[in-house]
Amino acid sequence: MSANPIFELWASHDKFVRVRIDVECQAYDRFRSAGRNLMRHLLAREEDAAGTLIDFVHQILGEVATAPIKLDSELSNRVAAIGGGTSRIRGQWGPDCANAHQEFFDRTLVLCSEKSALRNAVEQTLIEELESDLRFYCHRSSIEAFISIGATSEQALLTPDSYRKAPPFETLLVVGPIRSMGFGRKPEALIVTPRFSRLCQISWASEIDEPDFAIAHMGPLGFDVASPWEPWQQTFWCGHQRCVIGQRELDESDAGFEELVRTRIHRVRGSTVRGTILRLSGSRMLAQRPRSKIATYTPTSDSVLLKETEDVTEGDIVLHHEHISLDLGPVAPLDEPIVREWREALRHRYAQNSPLFLGELKRQGVNLVHLASAVRAWTSDQRPQQAAHFEIVSRVIGWDARRARQVWRVFSKQHGTAVQHGLIGAALAAEDLVNVLNEERTLESLRNYAARPEQEFLRLFIEIAGTNLEVRGFSVDEVETSDQIFEQDLNEVVDMRKDFS
Amino acid sequence: MGEHPDFVSKTETSQGQAARPPWTDFETWVAQLGQTWPANTGTIDLDRQRDSTGGVTESRIGFFESDVALTCVPSWATWLLDVGLKFPPREVDQRRSILLISTPCDAPAAGLVALGVVMRDLARSAATDEAGHAAALRSWAKQYLMHCQTCRHRCDPQLVGCGFDAESSGTILAPPRRGRARETQLKVHSISDDSLVLVDRHDCRDYYTATDARLKDLHPAGRPRLTTPENKPGIAGHAFSQLKRGWEPLLANLQRSYSGTCLVGRRAGRDATREWLARSGFILSGHRFPLSDMLTISGWGADSVSRLRYVSTRGGACRFDRSGIEPETAVIDGATELSDSLACPSLRGASVVAIVPRDSAQDKLELLAQTLHELGDEYVSEIPTYLPTAPRGISVTLKVKSR
Chain A
0 MSANPIFELW ASHDKFVRVR IDVECQAYDR FRSAGRNLMR HLLAREEDAA GTLIDFVHQI
60 LGEVATAPIK LDSELSNRVA AIGGGTSRIR GQWGPDCANA HQEFFDRTLV LCSEKSALRN
120 AVEQTLIEEL ESDLRFYCHR SSIEAFISIG ATSEQALLTP DSYRKAPPFE TLLVVGPIRS
180 MGFGRKPEAL IVTPRFSRLC QISWASEIDE PDFAIAHMGP LGFDVASPWE PWQQTFWCGH
240 QRCVIGQREL DESDAGFEEL VRTRIHRVRG STVRGTILRL SGSRMLAQRP RSKIATYTPT
300 SDSVLLKETE DVTEGDIVLH HEHISLDLGP VAPLDEPIVR EWREALRHRY AQNSPLFLGE
360 LKRQGVNLVH LASAVRAWTS DQRPQQAAHF EIVSRVIGWD ARRARQVWRV FSKQHGTAVQ
420 HGLIGAALAA EDLVNVLNEE RTLESLRNYA ARPEQEFLRL FIEIAGTNLE VRGFSVDEVE
480 TSDQIFEQDL NEVVDMRKDF S
Chain B
0 MGEHPDFVSK TETSQGQAAR PPWTDFETWV AQLGQTWPAN TGTIDLDRQR DSTGGVTESR
60 IGFFESDVAL TCVPSWATWL LDVGLKFPPR EVDQRRSILL ISTPCDAPAA GLVALGVVMR
120 DLARSAATDE AGHAAALRSW AKQYLMHCQT CRHRCDPQLV GCGFDAESSG TILAPPRRGR
180 ARETQLKVHS ISDDSLVLVD RHDCRDYYTA TDARLKDLHP AGRPRLTTPE NKPGIAGHAF
240 SQLKRGWEPL LANLQRSYSG TCLVGRRAGR DATREWLARS GFILSGHRFP LSDMLTISGW
300 GADSVSRLRY VSTRGGACRF DRSGIEPETA VIDGATELSD SLACPSLRGA SVVAIVPRDS
360 AQDKLELLAQ TLHELGDEYV SEIPTYLPTA PRGISVTLKV KSR
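Written as structure tokens, this is what we have:
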């Protein structure tokens with residue numbers, strides 16, 4: 000992609016135009032309010048299962064807010080199925096949650112009984128812009144809703160990367176609020192680097208935009224976020240037509256609620272660590288520790304490389320598999336006489352009177368549950384894991400501290416070699432894996448998958464080091480760093496659309 | 000080594016006698032480096048000197064980017080080149096500065112700024128490596144003898160954790176012996192405080208004292224020479240001269256390596272950065288000059304000397320492509336790379352020009368904001384008065400170390 004057309008676009012526009020069409024709908028406001036009420040009740044239950052239910056409600060609210068989906072029985076059925084239905088929710092979560100769920104369901108039915116004004120507004124805009132070069136930005140799961148009212152899949156921009164690679168165009172259509180978090184969030188690039196002449200935003204009137212969108216990141220770069228833009232041209236959608244009726248007061252509680260949901264879900268799910276989150280095709284995510292490596296197919300270079308997760312970019316295909324490590328054989332024991340002597344002394348003392356010896360060790364502080372088997376292992380090829388335990392054992396068998404330290408140094412060296420052996424074994428296995436994945440047959444499958452973004456994932460079966468391995472390839476939508484990754488989610492591909500019922 | 004008559008430095012030709020310019024051999028250089036103009040792009044109209052945005056450009060040459068060829072250099076590219084040319088060296092401004100340039104898209108901006116800095120340094124008499132060459136050579140030899148020679152692992156310094164940037168092969172190249180065309184390969188044998196001993200393949204030993212003048216003719220295999228050989232041309236100053244009207248290099252500098260300036264490449268790696276920079280460049284006489292070749296990074300072009308060091312940030316640690324003096328200017332390509340560089344001890348003293356596309360991933364921008372916040376009160380914001388007005392879409396901010 001050449002940069003010159005973008006610079007030309009900027010040079011030819013003093014200001015970019017932005018239009019926001021607010022769709023007034025009381026039924027939607029009530030629906031959203033009931034959904035949030037249910038989430039609040041679930042948030043009060045600090046249990047893991049509650050967190051997953053909250054995710055589900057959050058996703059339904061997000062889809063209705065940010066896509067022109069058809070409001071029909073499919074939506075009401077999804078709401079009815081939350082948590083297995085009202086009666087199961089009553090049994091598991093109590094009457095408060097059950098009542099909140101019932102209210103949410105009732106209001107969904109009311110919303111579905113009205114024809115979706117948001118969908119009408121989007122459809123009308125698509126008809127008006129039929130001749131112009133229009134693209135729309137949406138969540139991958141919302142693309143069908145756009146296509147069903149006349150848009151084409153070629154017009155869709157689904158990821159920040161697809162936007163980054165798009166040549167300049169005339170109009171960008173976005174549905175829902177412009178926010179940096181939550182379902183259907185928008186990348187900052189839409190606002191700070193317009194590649195279009197006109198931004199058309201259609202949203203439910205009560206869904207406000209994030210007031211400080213992108214400012215925190217652009218301030219240090221000396222870039223004024225508002226500078227490229229004309230003031231918002233705000234219009235309201237009443238029934239089937241637009242009418243300009245002035246500025247709307249912003250409800251700043253919205254962003255606060257998103258924040259509350261995020262932090263509370265984290266609290267429910269337990270300890271978190273820092274790492275990288277790869278958002279994958281098919282609403283999946285993979286979290287990894289910093290600097291961990293993953294086999295990645297890059298369409299531009301048409302090869303599989305071992306990339307650090309921080310280096311993975313949107314559009315890459317990550318290849319996920321179970322952990323493998325090549326066995327490099329046993330670590331060569333450092334057969335030093337002093338170690339043999341120490342083991343011999345230990346064996347001798349243990350053989351003399353084992354109950355007395357073990358009792359002495361326990362009394363002095365070697366409080367292992369299976370002490371006897373540990374001592375037997377120490378007499379052959381193992382060593383105490385803790386230096387304190389080693390010191391006690393050495394003292395009890397009558398070794399002076401200086402000689403004991405020599406033995407400990409040898410043990411440490413052996414341990415270091417073993418760790419390095421393991422590291423190198425894993426690195427070699429990864430290299431072998433990459434070699435196998437770079438075979439033409441595999442690359443062919445990866446190329447085909449890369450050309451078909453609608454396919455959720457690719458399944459490959461390969462053989463490495465005599466083991467059959469299943470490798471799944473996922474297209475990367477977004478890469479982000481987070482310090483709130485649940486430890487239980489690390490290295491696992493998590494399906495965000497699990498059936499929670 | 001005697002000076003080649005073609006490459007006498009500007010200061011040495013002040014008698015009114017014009018030195019023969021180094022680019023008399025330009026056509027050879029073109030044939031060696033440039034790729035021919037693609038048949039389907041037609042003839043370039045070099046008389047058209049306005050780009051399609053109306054920006055007036057100073058040069059009379061074309062510009063290419065990916066598969067698009069322009070008949071003139073766009074104003075944004077000229078401006079970025081100017082940034083590098085006008086970025087003050089430390090002898091002008093002692094204070095460390097961080098110049099942040101944000102672009103609306105992923106452009107070859109870092110390559111253009113780096114090219115400007117290379118041109119700036121070609122005109123500075125202080126920009127040579129001669130002072131630190133002997134020490135760098137000895138340190139490289141010592142690394143081979145004490146570590147790499149006996150290392151039992153395949154060379155991956157990060158995996159082994161030895162702390163070095165790259166392997167030292169111990170092979171040193173010396174000028175060709177009489178009657179030979181190729182350089183003589185020598186191997187490091189031993190080193191002491193006052194001597195360096197090299198052996199050739201016949202096991203003949205050659206002794207060099209710590210201050211031996213012949214050391215400047217040696218260079219590690221795979222790394223650039225300190226100066227070009229007598230019978231070869233240096234960097235083609237002609238191409239550089241055409242980019243900026245009125246700019247002239249010091250002729251001696253066209254023959255000398257310099258390691259005080261570096262380009263911190265993308266995390267994607269050295270090859271990916273090179274590939275990216277090869278997609279853009281200038282067009283002169285129907286030939287394409289990719290930025291990757293013009294930057295004179297060791298191993299990227301045909302030049303035997305290098306005026307720019309490459310710094311890899313793969314894995315978050317900065318690794319230089321060769322040892323040398325402490326860098327005084329670093330051009331950094333990307334937000335994450337800036338964070339890595341500011342944490343790198345070797346770049347702690349360098350003034351920095353960092354290019355950040357505003358459409359970078361959000362986590363990268365977050366990291367950048369955090370990094371700049373951590374600079375704290377030590378740095379104050381100033382207006383870069385030495386720069387012309389930035390083209391639309393580009394924003395500039397300058398932070399200068401106040402104490």
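Protein chains in written order, with numbering that gives the first Met the number 0: chain A, 0 to 500; chain B, 0 to 402.
All residues carry an ideal CB built from backbone N, CA and C; glycine is no exception.
Let me know if residue i comes out buried or exposed under the rule of 16 or more other beta-carbons within 10 Å of its beta-carbon.
i, result
"residue 99(B)", "buried"
"residue 178(B)", "exposed"
"residue 186(A)", "buried"
"residue 96(B)", "buried"
"residue 150(A)", "buried"
"residue 411(A)", "exposed"
"residue 371(B)", "buried"
"residue 206(B)", "exposed"
"residue 203(B)", "exposed"
"residue 216(A)", "buried"
"residue 533(A)", "This structure cannot speak to residue 533(A), because chain A is shown only from 0 to 500."
"residue 332(B)", "buried"
"residue 68(A)", "buried"
"residue 502(A)", "Since the first residue of chain A shown is 0 and the last is 500, residue 502(A) is not available in this structure."
"residue 239(B)", "buried"
Ordered along the chain, which non-local residues of its own chain (more than five positions away) have a Cβ less than 7 Å from that of residue i?
i, result
"residue 373(A)", "367"
"residue 364(B)", "334"
"residue 302(B)", "234, 295"
"residue 65(B)", "278"
"residue 3(A)", "none"
Can you tell me which of the three DSSP states residue i falls into?
i, result
"residue 71(B)", "coil"
"residue 54(B)", "Residue placement at residue 54(B) is poorly supported in this model, since its pLDDT is 48, which falls under 50; the coordinates still yield a value, given next. Coil."
"residue 15(B)", "Caution applies to residue 15(B), whose pLDDT of 36 falls short of 50 and renders its modelled position unreliable; the value that the coordinates give is listed next. If DSSP states are grouped into helix, strand and coil, residue 15(B) belongs with coil."
"residue 294(A)", "strand"
"residue 155(A)", "strand"
"residue 352(A)", "coil"
"residue 474(A)", "strand"
"residue 41(A)", "helix"
"residue 284(A)", "strand"
"residue 62(B)", "strand"
"residue 306(A)", "strand"
"residue 231(A)", "coil"
"residue 33(A)", "helix"
By Cβ distance below 6 Å, which residues in the same chain neighbour residue i in space, the five residues on each side in sequence not counted?
i, result
"residue 396(A)", "344, 345, 348"
"residue 174(B)", "216"
"residue 143(B)", "167, 169, 187"
"residue 272(B)", "264, 265"
Please report the Cβ distance between residue i and residue j, rounded to the nearest whole angstrom; I am assuming they are in contact, meaning their Cβ atoms lie under 8 Å.
i, j, result
"residue 319(A)", "residue 471(A)", "5 Å"
"residue 293(A)", "residue 272(A)", "Not quite, the Cβ-Cβ distance comes to about 17 Å (not below 8 Å), so this is no contact."
"residue 297(B)", "residue 269(B)", "Between residue 269(B) and residue 297(B) the Cβ distance is about 11 Å, and since that is not below 8 Å, they are no contact."
"residue 182(A)", "residue 62(A)", "7 Å"
"residue 386(B)", "residue 85(B)", "6 Å"
Please work out which residues of its chain come closer than 8 Å, Cβ to Cβ, to residue i, disregarding the five sequence neighbours upstream and downstream, and give them in chain order.
i, result
"residue 360(A)", "370, 374, 391, 392, 395"
"residue 218(B)", "136, 171, 172, 224, 225"
Cβ of residue i versus every heavy atom of the ligand SAM: is any distance shorter than 8 Å?
i, result
"residue 312(B)", "Absent from the structure shown: the ligand SAM. Ligands present: none."
- prompt: For the segment 107 to 126 of chain A, which residues have a CB atom closer than 9 Å to at least one CB atom of chain B, in sequence order?
  reply: none
- prompt: If contact means a Cβ-Cβ distance below 9 Å, which residues of the segment 377 to 396 of chain B contact chain A?
  reply: 380, 390, 391, 392, 393, 394, 395, 396
query: Closer than 9 Å, Cβ to any Cβ of chain A: which residues of the segment 101 to 118 of chain B, in chain order?
result: 101, 102, 103, 104, 105, 106, 107, 108
- prompt: Mind listing which residues of the segment 64 to 82 of chain B have their C-beta closer than 9 Å to chain A's C-betas, in chain order?
  reply: When C-beta distances to chain A are compared with 9 Å, the residues of the segment 64 to 82 of chain B below that value are 64, 65, 66, 67, 69, 73, 74, 75, 76, in chain order.
message: So if I threshold CB-CB distances at 7 Å, which residues from the segment 161 to 190 of chain B count as touching chain A?
response: Within the segment 161 to 190 of chain B, no residue has a Cβ that lies closer than 7 Å to any Cβ of chain A.
task: Using a Cβ-Cβ cut-off of less than 7 Å, list which residues of the segment 83 to 97 of chain A approach chain B; keep chain order.
output: none
task: Check distances from the C-beta atoms of the segment 349 to 367 of chain B to those of chain A and list, in chain order, the residues that come in under 9 Å.
output: 355, 356, 357, 358, 359, 360, 361, 362, 363, 364, 365, 366, 367
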